[in-house]
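Novice: Have a look at this one.
Number of protein chains: 2
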Amino acid sequence: MGKRVTIKDVARETGVSRQTVSRVINAQPGVAEDTRARVAAAIKQLGYQPNPAARSLTQHRTNTIGLIIPYSPDYLFSDPHLMEFMCGVDELAIQRNHNLLLSTAQKKNPAGKLSAQKESFSAFERLALSGYADGVVVVETLASRAGTVLLRERGISWVTLGYGTENESSQVVHADDRGGARQATMHLLSLGHTRIGVISGRKQSLMAVEERLTGYRQALSDLNLTMDAELLVAGDWSPESGTQAAAHLMQLDVPPTAIFAFNDRMACGALQYLQANGWRVPQDISLVGFDDIPIAQMLHPQLTTVKQPALEMGRQAARLLFDLIENNTLLSTPVILPTELIVRGSTGKCRGS
Amino acid sequence: MGKRVTIKDVARETGVSRQTVSRVINAQPGVAEDTRARVAAAIKQLGYQPNPAARSLTQHRTNTIGLIIPYSPDYLFSDPHLMEFMCGVDELAIQRNHNLLLSTAQKKNPAGKLSAQKESFSAFERLALSGYADGVVVVETLASRAGTVLLRERGISWVTLGYGTENESSQVVHADDRGGARQATMHLLSLGHTRIGVISGRKQSLMAVEERLTGYRQALSDLNLTMDAELLVAGDWSPESGTQAAAHLMQLDVPPTAIFAFNDRMACGALQYLQANGWRVPQDISLVGFDDIPIAQMLHPQLTTVKQPALEMGRQAARLLFDLIENNTLLSTPVILPTELIVRGSTGKCRGS
DNA sequence: TACTGTTATGTGAACGTTCACGTAGCATGT
DNA sequence: ACATGCTACGTGAACGTTCACATAACAGTA
Numbered sequence: 019m020g021k022r023v024t025i026k027d028v029a030r031e032t033g034v035s036r037q038t039v040s041r042v043i044n045a046q047p048g049v050a051e052d053t054r055a056r057v058a059a060a061i062k063q064l065g066y067q068p069n070p071a072a073r074s075l076t077q078h079r080t081n082t083i084g085l086i087i088p089y090s091p092d093y094l095f096s097d098p099h100l101m102e103f104m105c106g107v108d109e110l111a112i113q114r115n116h117n118l119l120l121s122t123a124q125k126k127n128p129a130g131k132l133s134a135q136k137e138s139f140s141a142f143e144r145l146a147l148s149g150y151a152d153g154v155v156v157v158e159t160l161a162s163r164a165g166t167v168l169l170r171e172r173g174i175s176w177v178t179l180g181y182g183t184e185n186e187s188s189q190v191v192h193a194d195d196r197g198g199a200r201q202a203t204m205h206l207l208s209l210g211h212t213r214i215g216v217i218s219g220r221k222q223s224l225m226a227v228e229e230r231l232t233g234y235r236q237a238l239s240d241l242n243l244t245m246d247a248e249l250l251v252a253g254d255w256s257p258e259s260g261t262q263a264a265a266h267l268m269q270l271d272v273p274p275t276a277i278f279a280f281n282d283r284m285a286c287g288a289l290q291y292l293q294a295n296g297w298r299v300p301q302d303i304s305l306v307g308f309d310d311i312p313i314a315q316m317l318h319p320q321l322t323t324v325k326q327p328a329l330e331m332g333r334q335a336a337r338l339l340f341d342l343i344e345n346n347t348l349l350s351t352p353v354i355l356p357t358e359l360i361v362r363g364s365t366g367k368c369r370g371s
Numbered sequence: 019m020g021k022r023v024t025i026k027d028v029a030r031e032t033g034v035s036r037q038t039v040s041r042v043i044n045a046q047p048g049v050a051e052d053t054r055a056r057v058a059a060a061i062k063q064l065g066y067q068p069n070p071a072a073r074s075l076t077q078h079r080t081n082t083i084g085l086i087i088p089y090s091p092d093y094l095f096s097d098p099h100l101m102e103f104m105c106g107v108d109e110l111a112i113q114r115n116h117n118l119l120l121s122t123a124q125k126k127n128p129a130g131k132l133s134a135q136k137e138s139f140s141a142f143e144r145l146a147l148s149g150y151a152d153g154v155v156v157v158e159t160l161a162s163r164a165g166t167v168l169l170r171e172r173g174i175s176w177v178t179l180g181y182g183t184e185n186e187s188s189q190v191v192h193a194d195d196r197g198g199a200r201q202a203t204m205h206l207l208s209l210g211h212t213r214i215g216v217i218s219g220r221k222q223s224l225m226a227v228e229e230r231l232t233g234y235r236q237a238l239s240d241l242n243l244t245m246d247a248e249l250l251v252a253g254d255w256s257p258e259s260g261t262q263a264a265a266h267l268m269q270l271d272v273p274p275t276a277i278f279a280f281n282d283r284m285a286c287g288a289l290q291y292l293q294a295n296g297w298r299v300p301q302d303i304s305l306v307g308f309d310d311i312p313i314a315q316m317l318h319p320q321l322t323t324v325k326q327p328a329l330e331m332g333r334q335a336a337r338l339l340f341d342l343i344e345n346n347t348l349l350s351t352p353v354i355l356p357t358e359l360i361v362r363g364s365t366g367k368c369r370g371s
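So, in structure tokens, the structure goes:
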């Protein structure tokens, strides 16, 4: 392999100084047009490509942003939006001529003794300690708090995809979980359902759960209804937990006529239980999910659900990050993107009671 | 913000030279134990973190590997393994203390005039021209050939996740598509099916299609059967195309008693068509998919399918890449990972004819 | 004693850029 | 004539490491 082509080679070839070449590369003023053209030609001819490390060294920035996805492989499919987040963030990185550094959670070691907390944290640690990123987009998980503390210590700017912790002034982008849940509930109410079972996530897990519950309650209280505590069951986002929750709900003395699951995967599980036990959907019972993952359209019946604009969320988060890095603009209010109720075949008029 | 802590600060604090500190950082010999301890303490106390850019500059490597996923967002869900690939690659990157740089395809601009080829290519271009990666793992797509040419020009090592082009000596990792297809077909044959419809991908798209077809034919010829050309229909991997293909197959004069779709998404579409038109699965017709995406388990009946070890494929690809970068070991034979037939509820004994 | 080798440490240069200047050359205005 | 300003460059230093040496101290050997 020959030596790498440097700025000096281009300068020598063209008969100008390094600085002039540098000016051409960075499209700075103060270079005569013909000189600029000659330099550009030489760059092309020699196949010169600036060394990013050398640039970073003088400029004190790497033109790289990080994306922390603190999920381990086994948990990957729990959130079908991750790829969309990624693409949204990457799209903006492309626009701004930045690279995208990715950090996922370290896989649980076979012994299995690495806690979910530690696991998540490793994703932060690696990126923060590498010193490579000018800023970071963090996908929020149960355990991202410790991670953001580390980022603050290191003086690295970040934007959270999710709800941050309350006392973080940091910027956050999330979907309108409350509004989505409210819309879904209103849809069911308008079909005549009043006993609506809820399969939520465990409370302590994510702020989004709280928000969706609030939306649910709001819709009820609009009609002067209140929530029946026995209709609330917590799952762990997995299809299996949806199946269990549905079983529990349908075995109540007065079972619900509709079920609202807080993600599509649990809705899938619920659907399986219902169909396996002779309940017809939507004739006997209506079912609504949340997320609009691809599966939703392929179920039988197709699932009515609340869609989140994941791609756009990724874009917005990156946009905020760049504002923060480049203009030091700090936005104090969260960016909330609209959710959308997609009505499909799993919901219908209430006939019961 | 205070100045960044440099190696000089540590040296001054400890009363030794930069070089000694450097030796401690890199765990090189030739430092007295007590000195080493003192330096280590100072590093910790000052919170010193080596500047990666400066390191790269002298060492001529960045400790960063790239992952090129030349899919645009709208095509994302077509391959549910992408996240697993990512995690597998990242897992090894972590192990080897490398960063992972990600490059996805640029989104089609609204005008829509950016061809799929160009779109894919952009993912390569960005990473290759950035000069940041010591090597790259490429997820193969229709249009990755142009991309790998660019990589070669730039002298960047890469490993392909998929089948490479034939004249590439480059290293490849892929699943045993042929064996998987063969196993699936044998499974159907053993259930008594002899007219087995195939929903494949378009021929020119991926080598994997050819391989799966070969596996299918091999299984048939083991029983001295040959393939009936009218039973082969090409889809485009989408559920909709699966629906159409199933419609075509079932409207033949002698419809098949089993269908083998070359991915689960098309199998889903086929299932929808079958169920909507009164065919019972598996009583009237058996259905097999490929990939084992999460949906497969949630369908009704659950889908029999061929599973690919995506996570392991990602790991292997990264492993090969590191061998290439660090030891310059070039493996000339492809790494082929086993696929596994997962028998679920969508296949049963042939009753027909 | 002098030679040799080993261990622990230090020093200048180099990596490839950009930054902060400096310096011509020329036009303009008074 | 001179000062002033602008344009088009060039130069040394700096960024924070590591590399390739050099050096000093000390032990062992002949």
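For the record, the sequence lines run as chains S and U.
Quick note: the first sequence uses the working numbering, first residue 19, plus one each step.
Quick note: the second sequence uses the working numbering, first residue 19, plus one each step.
C-beta atoms are modelled at their ideal positions from N, C-alpha and C, and glycine is treated no differently.
#1: Which of the three DSSP states, helix, strand or coil, is assigned to S:Glu143?
#2: Which stretch, first to last residue, makes up the beta strand (DSSP E) that contains S:Tyr309?
#3: Does S:Pro68 get closer than 9 Å to chain U when you measure Cβ to Cβ?
#4: Just verifying my parser: in three-state terms, what is the DSSP assignment at S:Glu158?
#5: Are U:Phe340 and U:His78 closer than 9 Å when you measure CB to CB?
#6: Using a Cβ-Cβ cutoff of less than 6 Å, which residues in the same chain neighbour U:Gly33 once the five nearest sequence positions on both sides are dropped?
#7: Per the contact definition of three or more C-beta pairs closer than 8 Å, is the stretch 60 to 79 of chain S in contact with the stretch 89 to 106 of chain S?
#8: Which two residues bound the contiguous alpha helix (DSSP H) that contains S:Val49?
#9: Does the ligand HEM have even one heavy atom less than 8 Å from the beta-carbon of S:Ser35?
#10: If you run the structure through DSSP and keep just helix, strand and coil, what is U:His211?
#11: Using DSSP with H/G/I as helix, E/B as strand and the rest coil, what is U:Thr261?
#12: Quick one: grab the DSSP three-state call for S:Thr24.
#13: Would you mind reading off the limits of the alpha helix (DSSP H) that contains S:Ile277?
#14: How would you list, in chain order, the residues of chain U whose beta-carbon sits under 8 Å from the beta-carbon of S:Cys286?
#15: Within the same chain, show all residues whose beta-carbon is closer than 7 Å to that of U:Ser259, passing over the 5 residues directly before and after it, in chain order.
#16: By how many angstroms is the C-alpha of S:Glu229 removed from the C-alpha of S:Arg54?
#17: Specify the secondary structure class of S:Lys325 as computed by DSSP and reduced to three states.
#18: Return the CA-CA distance between U:Pro274 and U:Asp97, expressed in angstroms with no decimal places.
#19: Would the stretch 172 to 179 of chain U count as touching the stretch 206 to 218 of chain U if we require 3 or more Cβ pairs under 8 Å?
#20: Which of the three DSSP states is assigned to U:Ile174 in this structure?
#21: Within 9 Å of any Cβ in chain S, is that where the Cβ of U:Met101 sits?
#22: Would S:Ala71 pass as an interface residue toward chain U - the criterion being a Cβ-Cβ separation below 9 Å?
#23: Would you call S:Gly106 buried or exposed, if buried means 16 or more other Cβ atoms sit within 10 Å of its Cβ?
#24: Suppose you measure from the CA of S:Pro327 to the CA of U:Ala247; what does that come to, to the nearest Å?
#25: What separation, rounded to the nearest whole angstrom, lies between the Cα atoms of S:Met19 and U:Asp309?
#26: Does S:Ser351 pass the burial test, meaning 16 or more other C-beta atoms within 10 Å, or should it be called exposed?
#27: Are S:Pro88 and S:Ala45 closer than 9 Å when you measure CB to CB?
#28: Return the first residue and the last residue of the beta strand (DSSP E) that S:Glu358 is part of.
#29: Given a limit of 7 Å on CB to CB distance, which residues of the stretch 229 to 256 of chain S reach chain U?
Specialist: This is what the structure holds:
#1: Locating residue 143 of chain S in the first sequence gives position 125, where the first residue counts as 1. Helix at S:Glu143.
#2: Residue 309 of chain S sits at position 291 when you count from the first residue of the first sequence. According to the sequence displayed, residue 309 of chain S carries Asp and not Tyr. From DSSP, the beta strand (DSSP E) with S:Asp309 extends over Ser304 to Asp309.
#3: By 1-based counting over the first sequence, the position of residue 68 of chain S is 50. Interface residue, yes.
#4: Taking the first sequence and counting its residues from 1, the one referred to as residue 158 of chain S is at position 140. Coil at S:Glu158, not helix or strand.
#5: Reading the second sequence from its first residue, position 322 is the one you call residue 340 of chain U. Reading the second sequence from its first residue, position 60 is the one you call residue 78 of chain U. Cβ distance not < 9 Å, so U:Phe340 and U:His78 don't count as in contact.
#6: Along the second sequence, read from residue 1 onward, the residue named residue 33 of chain U stands at position 15. Excluding positions up to five away in sequence, the list is empty.
#7: no
#8: For this step, residue 49 of chain S is matched to residue 31 along the first sequence. Element bounds for S:Val49: n/a, residue is neither H nor E.
#9: In the structure shown, the ligand HEM is absent, as is every other ligand, since no ligand is present at all.
#10: By one-based count along the second sequence, residue 211 of chain U stands at place 193. Three-state DSSP puts U:His211 in coil, outside helix and strand.
#11: Numbered from 1 along the second sequence, position 243 holds the residue referred to as residue 261 of chain U. Looking at U:Thr261 - three-state DSSP - the assignment turns out to be helix.
#12: Here residue 24 of chain S corresponds to residue number 6 of the first sequence, with the count starting at 1. Looking at S:Thr24 - three-state DSSP - the assignment turns out to be coil, as it is neither helix nor strand.
#13: Counting from one through the first sequence, the residue named residue 277 of chain S turns up at place 259. From DSSP, S:Ile277 is part of no alpha helix (DSSP H) but of the beta strand (DSSP E) over Ala276 to Ala279.
#14: Mapped onto the first sequence, residue 286 of chain S falls at position 268. In chain order: Met316.
#15: Here residue 259 of chain U refers to the residue found at position 241 when the second sequence is read from its first residue. Gly253, Met284 and Gly287, listed in sequence order.
#16: As a working mapping, residue 54 of chain S is identified with position 36 in the first sequence. As a working mapping, residue 229 of chain S is identified with position 211 in the first sequence. The straight-line gap from Cα to Cα measures roughly 57 Å.
#17: Residue mapping note: residue 325 of chain S aligns to position 307 of the first sequence, counting from 1. Three-state result, S:Lys325: strand.
#18: Here residue 274 of chain U refers to the residue found at position 256 when the second sequence is read from its first residue. Here residue 97 of chain U refers to the residue found at position 79 when the second sequence is read from its first residue. Distance between the alpha carbons of U:Pro274 and U:Asp97: 27 Å.
#19: no
#20: For the purposes of this step, residue 174 of chain U is taken as the residue at position 156 of the second sequence. It is coil, neither helix nor strand.
#21: Looking up residue 101 of chain U in the second sequence gives position 83. Chain S contact via Cβ: present.
#22: Within the first sequence, the letter at position 53 stands for residue 71 of chain S. Judged by the 9 Å Cβ criterion, S:Ala71 is in contact with chain U.
#23: By one-based count along the first sequence, residue 106 of chain S stands at place 88. By the neighbour-count rule (16 or more Cβ atoms within 10 Å), S:Gly106 is buried.
#24: Position 309 of the first sequence, counted from the first residue, corresponds to residue 327 of chain S. Position 229 of the second sequence, counted from the first residue, corresponds to residue 247 of chain U. Approximately 43 Å, taken between the alpha carbons.
#25: Taking the first sequence and counting its residues from 1, the one referred to as residue 19 of chain S is at position 1. Taking the second sequence and counting its residues from 1, the one referred to as residue 309 of chain U is at position 291. At S:Met19, the pLDDT of 42 sits below 50, so the modelled position is not reliable; the number obtained from the coordinates is stated separately. Near 41 Å, if we compare the C-alpha coordinates of U:Asp309 and S:Met19.
#26: If you number the first sequence from 1, residue 351 of chain S lands on position 333. The sequence given here places Thr at residue 351 of chain S; Ser does not occur at that position. Answer is exposed; the Cβ neighbour count stays below 16.
#27: Within the first sequence, numbered from 1, the residue matching residue 88 of chain S stands at position 70. Within the first sequence, numbered from 1, the residue matching residue 45 of chain S stands at position 27. No.
#28: Translated into positions along the first sequence, residue 358 of chain S becomes position 340. Unbroken beta strand (DSSP E) run through S:Glu358: Glu358 to Ile360.
#29: none
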